[in-house]
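Below is one structure; the comments refer to it alone.
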Amino acid sequence: MSQEFDVVVIGGGPGGYVAAIRAAQLGLSTACVEKWTNDKGATVLGGTCLNVGCIPSKALLDSTHKFHDAKDEFSVHGISTGDVQMDVPTMISRKDKIVNNLTMGVAGLFKANGVTLISGKGKLGADKVITVTANDGATSEIKAKNVILASGSVPVNIPPAPLTEDVILDNEGALNIAEAPKRLGIIGGGVIGLEMGTVWQRLGSEVVVYEAMDSFLAMADKDVAKEAGKLLKKQGMDIRLGTLVTGTEVSGKEVTVTSKNGAGEESSQTFDKLIVAVGRKPYTDGLLSEDSGVGLDERGFVHVDEQCRTEAPGIYAIGDITRGPMLAHKASEEGMMVADIIAGHKAQMNYDCIPSVIYTHPEMAWVGKTEQDLKAEGVDVKVGKFPFAASGRAMAANETAGFVKLIADAETDRVLGCHIIGPQASEIIAQAVIAMEFGSSSEDLALTVFAHPSLSEALHEAALAADGHAIHVANRKKRK
Ligand code: FAD
Ligand code: NAI
Numbered sequence: 206m207s208q209e210f211d212v213v214v215i216g217g218g219p220g221g222y223v224a225a226i227r228a229a230q231l232g233l234s235t236a237c238v239e240k241w242t243n244d245k246g247a248t249v250l251g252g253t254c255l256n257v258g259c260i261p262s263k264a265l266l267d268s269t270h271k272f273h274d275a276k277d278e279f280s281v282h283g284i285s286t287g288d289v290q291m292d293v294p295t296m297i298s299r300k301d302k303i304v305n306n307l308t309m310g311v312a313g314l315f316k317a318n319g320v321t322l323i324s325g326k327g328k329l330g331a332d333k334v335i336t337v338t339a340n341d342g343a344t345s346e347i348k349a350k351n352v353i354l355a356s357g358s359v360p361v362n363i364p365p366a367p368l369t370e371d372v373i374l375d376n377e378g379a380l381n382i383a384e385a386p387k388r389l390g391i392i393g394g395g396v397i398g399l400e401m402g403t404v405w406q407r408l409g410s411e412v413v414v415y416e417a418m419d420s421f422l423a424m425a426d427k428d429v430a431k432e433a434g435k436l437l438k439k440q441g442m443d444i445r446l447g448t449l450v451t452g453t454e455v456s457g458k459e460v461t462v463t464s465k466n467g468a469g470e471e472s473s474q475t476f477d478k479l480i481v482a483v484g485r486k487p488y489t490d491g492l493l494s495e496d497s498g499v500g501l502d503e504r505g506f507v508h509v510d511e512q513c514r515t516e517a518p519g520i521y522a523i524g525d526i527t528r529g530p531m532l533a534h535k536a537s538e539e540g541m542m543v544a545d546i547i548a549g550h551k552a553q554m555n556y557d558c559i560p561s562v563i564y565t566h567p568e569m570a571w572v573g574k575t576e577q578d579l580k581a582e583g584v585d586v587k588v589g590k591f592p593f594a595a596s597g598r599a600m601a602a603n604e605t606a607g608f609v610k611l612i613a614d615a616e617t618d619r620v621l622g623c624h625i626i627g628p629q630a631s632e633i634i635a636q637a638v639i640a641m642e643f644g645s646s647s648e649d650l651a652l653t654v655f656a657h658p659s660l661s662e663a664l665h666e667a668a669l670a671a672d673g674h675a676i677h678v679a680n681r682k683k684r685k
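Count the sequence shown with the numbering used here and you get residues 206 to 685, in order.
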């Protein structure tokens, strides 16, 4: 007889494992089906985020940032270090240890909360019956009152650059390069391209980024994108906009990339490694049988409403397989919302208030709409901007590049967006997220007391600047 659960989650990434834990906390009998195995054949939880995404990439970014500081920045503070070396295998194994600790930690949380882990690949059939195929090919069936689909995403591949064992790599391969390549090519100047380019550039790689679009970081506020382009170029990153890779030829341990720029000029360049980072696509291979009742949209995402309900009653989908940004925190929040709904609670999430961060140095972070989007919508806005160059704490830290830009509705003063490039942007943005979530005005932020000296004061000053009353930059308006 097949096992039956109140909730079966397919996929144990940050969407699925969080949904499973919350469902179990709410007293629902819960199972999570996961197919990811490690090199020892054991099932691992955490999905893309913990295994090959957010966490390992940030581990490498942190290691290489410390290396860069020691090598190039400490002397400003009077610290001499001698010849600073990076042992790449140690850096990689530290990253692997963190990944292992975290994935084991999730397995521990499953045990503590009473979530049943079912190893294997799940396929949803009619009447919410899930067929699980184990690694050895054995199949079993489980029945669910409710199903949460959370199978995530995989990298997009492009025909001119088919992946190879160790020269043309996707984002997973990019996390495990054994030594810094002398010449590194990257296809795609998006989030992964810039983060991984930063990692290896700090270790000495000459980095060339091929970006198909004419504009840089099209999803970011134009001021942030412009400043980022300038700073990354200064760091040595060669970002070629409007450039399409037309072919690659691998010869031994090298790859020659041919490309065409916007003017139609062809060129070729040889690299030791090439990373392909041109986006990710929803992963639904073998997930749904024809009679599951669940539909996909034209781009292959599982079709859901605002509360992640699919067309089939009792079946939900969350995270990267559904519309919206492909971000771990979006997946997790959806997971909690859906578990709450299944348990009979009222729940919804605010899709207008999801922060984005790019962990280059300086970091970029934003929430809400860009100035360009708001203007295109005809919204009358006021903008307050404060440069870190005028922040005492930023000066003390020798981190003065960038700014905080706060956008508020000109009429109601409600905060509509915040866009940051600068030190600790990933932390400062949380304050703007809270302000927006609480429906704050820029005046609310201007009237809030911020600790001095702190980088967060730049947000305070940006809020003051929205009314022309910043203290530490020249004022535009006379205070009434
Ligand atoms: P996933 O994490 O992809 O998990 C899906 C899980 O489902 C996987 O474990 C998979 O094995 C399993 N699965 C799939 N199909 C089946 C099946 N049929 N049966 C059983 N199991 C199945 N986001 C951020 O917010 N911040 C970051 O800093 C960040 N950095 C990133 C860096 C990189 C290099 C990459 C690639 C991504 C990064 N992301 C980041 C994005 C983030 O990893 C994803 O948005 C997030 O993991 C999506 O979570 P998910 O649960 O929807 O899917
Ligand atoms: P992306 O969508 O961020 O960037 C892909 C880039 O490749 C785009 O700029 C696109 O114009 C370009 N491109 C597409 N096809 C191309 C081609 N043929 N030639 C040259 N350029 C081409 O996707 P990316 O970087 O692969 O990351 C995938 C997703 O993972 C992100 O969208 C994000 O949601 C998530 N992620 C989040 C991170 C974070 O939160 N810090 C870090 C890394 C990934």
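Heads up, the beta-carbon is just placed ideally off N, CA and C, and yes, glycines get one too.
For residue 487, the enclosing beta strand (DSSP E) begins and ends at 485-487. Distance from the C-beta of residue 448 to the nearest heavy atom of the ligand NAI is below 8 Å.
Pairing residue 607 with residue 567 gives a Cβ-Cβ distance under 9 Å.
For residue 608, the enclosing beta strand (DSSP E) covers residues 608-614. Note that the C-beta distance between residue 519 and residue 311 is not below 9 Å.
Closest by C-alpha distance to residue 469, out of 454, 453, 446 and 524, is 446.
Within the segment 336-401, the runs of beta strand (DSSP E) that reach at least 3 residues and sit entirely inside it are, in chain order, 344-354, 358-360 and 388-392.
In this structure, residue 403 lies near residue 442, with their beta-carbon atoms less than 9 Å apart.
Residue 448 is a Cβ neighbour of residue 466, given a cutoff of 9 Å. Per DSSP, the beta-bridge partners of residue 210 are 349.
Rounded to whole angstroms, the Cβ separation of residue 670 and residue 589 is 3 Å, and the two are in contact under 8 Å. For residue 330, the CB contacts under 7 Å within the same chain, skipping 5 residues up- and downstream, are 336, 494, 496 and 497 in chain order. Annotated three-state conformation of residue 576 is helix, per DSSP. The ligand NAI has no heavy atom closer than 8 Å to the beta-carbon of residue 381. Taking a cut-off of 8 Å for Cβ pairs, the segment 415-431 and the segment 386-395 touch, as three or more such pairs fall below it. The distance from the Cβ of residue 400 to that of residue 564 is about 6 Å, consistent with a contact at the 8 Å cut-off.
Residue pairing of residue 479 in beta bridges, as defined by DSSP: 373 and 390. Of the heavy atoms belonging to the ligand NAI, at least one sits nearer than 8 Å to the Cβ of residue 531.
Taking one beta carbon from each stretch, the segment 298-312 and the segment 257-276 have 3 or more pairs nearer than 8 Å; the two touch. Under the three-state reduction of DSSP, residue 564 is assigned to coil, being neither helix nor strand. Residue state for residue 527 is assigned as coil, using DSSP reduced to three classes. Look at residue 305: its beta carbon is at least 8 Å from all of the heavy atoms in the ligand FAD.
At the C-beta level, residue 506 and residue 485 stay beyond 9 Å of one another. When only Cα atoms are considered, residue 288 and residue 270 end up about 16 Å apart. Straight across, the Cα-Cα distance linking residue 214 with residue 555 is about 23 Å. Following the DSSP letters along the chain, one finds residue 521 inside the beta strand (DSSP E) bounded by residues 520-522.
Cβ contact annotation for residue 483 (same chain, cutoff 7 Å, sequence separation greater than five): 361, 363, 392 and 393, in chain order.
Between the alpha carbons of residue 619 and residue 646 lies a gap of roughly 4 Å. Set against 8 Å, the gap from the CB of residue 562 to the closest heavy atom of the ligand FAD is smaller. Annotation: residue 373 to residue 481 spans about 7 Å, alpha carbon to alpha carbon.
For residue 401, the shortest separation between its Cβ and any heavy atom of the ligand FAD lies below 8 Å. At a Cβ-Cβ threshold of 9 Å, residue 540 and residue 224 count as neighbours. The continuous alpha helix (DSSP H) containing residue 272 extends over residues 259-273. Contact between the segment 311-327 and the segment 224-240 is present, with at least three C-beta pairs closer than 8 Å. Of the candidates 212, 272 and 218, the residue whose Cα lies closest to the Cα of residue 242 is 218. DSSP, reduced to helix, strand and coil, places residue 440 outside both helices and strands of the structure shown, so it counts as coil.
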